[in-house]
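Remarks on the structure that follows.
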Amino acid sequence: MAIEWTFDLIDGNSGDLTTAGWSIDMSGIATGYTGPAQGNIYAAVTDPSTGCPQIGATHPANPQALLRRIQIVSLSPEEVRALFQYRDVFSVANLSVGATLNQDQTNVDFEGTPLSVEYTYPDDYLLDPSLAGKTVKQGGLLTKGIPAMTRVYTIKSTINPEQLAADFVGKCNSVIWKGFPIYTWRCDAITGDSTDFEVTWLTALIFQYKRGEPQPGNPGQFFGWGSKNYFIDPQTGKPPDDLVEGTGVKNIDVYEQIDFNQLGI
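Mapping the sequence shown onto full-length UniProt numbering, position 73 (from 1) lands on 73, and the numbers just tick up by one.
Structural data, given as structure tokens:
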């Protein structure tokens, strides 16, 4: 007679719901073992063909809970009782935040006004007589610290972080995320550790925020992770003060975009 399992017995079933999710215990009895008495426990739980759930299997009523432990007791040479312990692996993500200043170049002030200086050459300027008495305007290019926030989410999941990394690392948010505009958050890294033969992963997802330069003519809007490129006057080594947005200065979107809301964090 083949081994058969009977589950969902009232006696021995229990559950516990906390902020970390469900802990569910399900009991079962296996009968029909005909081999050596000392092998009944092993045979009942290690052969999937008997119908016994294997470590890492999902709970029949809660797919977020995975089988983490099996406790077995021999009742007789032909019969064993087991307690199957399931635990939720999709807990609320832990969050760490911080902020630093990243150095970036700009030709505008904090309000988006182009930098500009001018100089009137004296009438007796001899180094270049063609400039004598003329007023020359010149743009500026400065380095300033731009706020860069960092968010680190830690989650427990069954998804291999290698796949997440391939999909998200090096990309920016394509839609509003956490209340911030498009293209202002970049996924910098995704790493993970598994201690149960890759059944579950403790995964860290690292994001960095960059407001970027103000968008001329769009109050409150910024370029985010876009890279600004300026025309440089070869005579002065500086950008002219009257650069036109879209021609003399352009914002280049260098990163692909993806919807970070897909991560569910």
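Ideal placement from N, C-alpha and C gives every residue a C-beta, glycine not left out.
In this text the structure is predicted, and so the values were computed from the model without any measurement.
May I have the straight-line CA-CA distance separating residue i from residue j, to the nearest angstrom?
i, j, result
"Thr200", "Thr154", "13 Å"
"Ala82", "Thr150", "46 Å"
"Leu164", "Val136", "54 Å"
"Asp88", "Ile55", "13 Å"
"Gly28", "Thr203", "33 Å"
"residue 316", "Asp128", "Within the shown structure, residues of the chain are numbered from 1 to 265, placing residue 316 beyond reach of any answer."
"Ile232", "Asp167", "37 Å"
"Cys187", "Gly264", "14 Å"
"Glu198", "Gly224", "36 Å"
"Gln235", "Leu142", "18 Å"
"Leu101", "Val244", "28 Å"
"Leu126", "Ala132", "8 Å"
"Asp196", "Gly21", "19 Å"
"Leu205", "Val108", "33 Å"
"Tyr119", "Asn94", "56 Å"
"Phe110", "Asp242", "18 Å"
"Ser14", "Gly51", "21 Å"
"Lys238", "Ile258", "36 Å"
"Gln103", "Ala148", "10 Å"
"Ala2", "Ile159", "36 Å"
"Ser227", "Thr184", "12 Å"
"Val80", "His59", "21 Å"
"Ile70", "Thr18", "21 Å"
"Lys134", "Phe180", "47 Å"
Output yes or no for whether 8 Å exceeds the beta carbon distance between residue i and residue j.
i, j, result
"Ser116", "Gly98", "no"
"Gly246", "Pro240", "no"
"Pro63", "Asn40", "no"
"Glu256", "Lys178", "no"
"Trp5", "Ala43", "no"
"Val175", "Asn261", "yes"
"Lys210", "Asn229", "no"
"residue 276", "Ala65", "With the chain represented from 1 up to 265, any question about residue 276 goes unanswered, as that position is not in the structure."
Kindly identify the DSSP beta-bridge partner or partners of residue i.
i, result
"Leu205", "Tyr153 and Ile190"
"Trp5", "Ala30"
"Gln105", "Thr143"
"Lys137", "Glu118"
"Leu17", "Trp22"
"Gly98", "Thr150"
"Glu79", "Thr31 and Ser76"
"Val249", "Tyr230 and Glu245"
"Asp88", "Ala65"
"Phe223", "DSSP output for Phe223 lists no bridge partner at all."
Count the other CB atoms, across all protein chains shown, that sit within 10 Å of the CB of residue i; report buried if there are 16 or more and exposed otherwise.
i, result
"Ile252", "exposed"
"Glu213", "buried"
"Thr106", "buried"
"Ser173", "Here residue 173 turns out to be Asn, not Ser, going by the sequence shown. Buried: at least 16 other Cβ atoms inside 10 Å."
"Gly145", "exposed"
"Val61", "One point to set straight first is that residue 61 is Ala, not Val, in the sequence displayed. Label assigned to Ala61: exposed."
"Ala37", "exposed"
"Gly35", "exposed"
"Thr113", "exposed"
"Phe207", "buried"
"Ser157", "buried"
"Val254", "exposed"
Would you please state the rounded distance, in angstroms, between the beta carbons of residue i and residue j? I believe it to be under 8 Å.
i, j, result
"Ser194", "Val152", "At roughly 19 Å, the Cβ-Cβ gap does not stay under 8 Å, so Ser194 and Val152 are not in contact."
"Pro161", "Ile190", "5 Å"
"Val45", "Ile72", "6 Å"
"Leu75", "Pro53", "Actually they are not in contact, since the Cβ atoms of Leu75 and Pro53 sit about 19 Å apart, beyond 8 Å."
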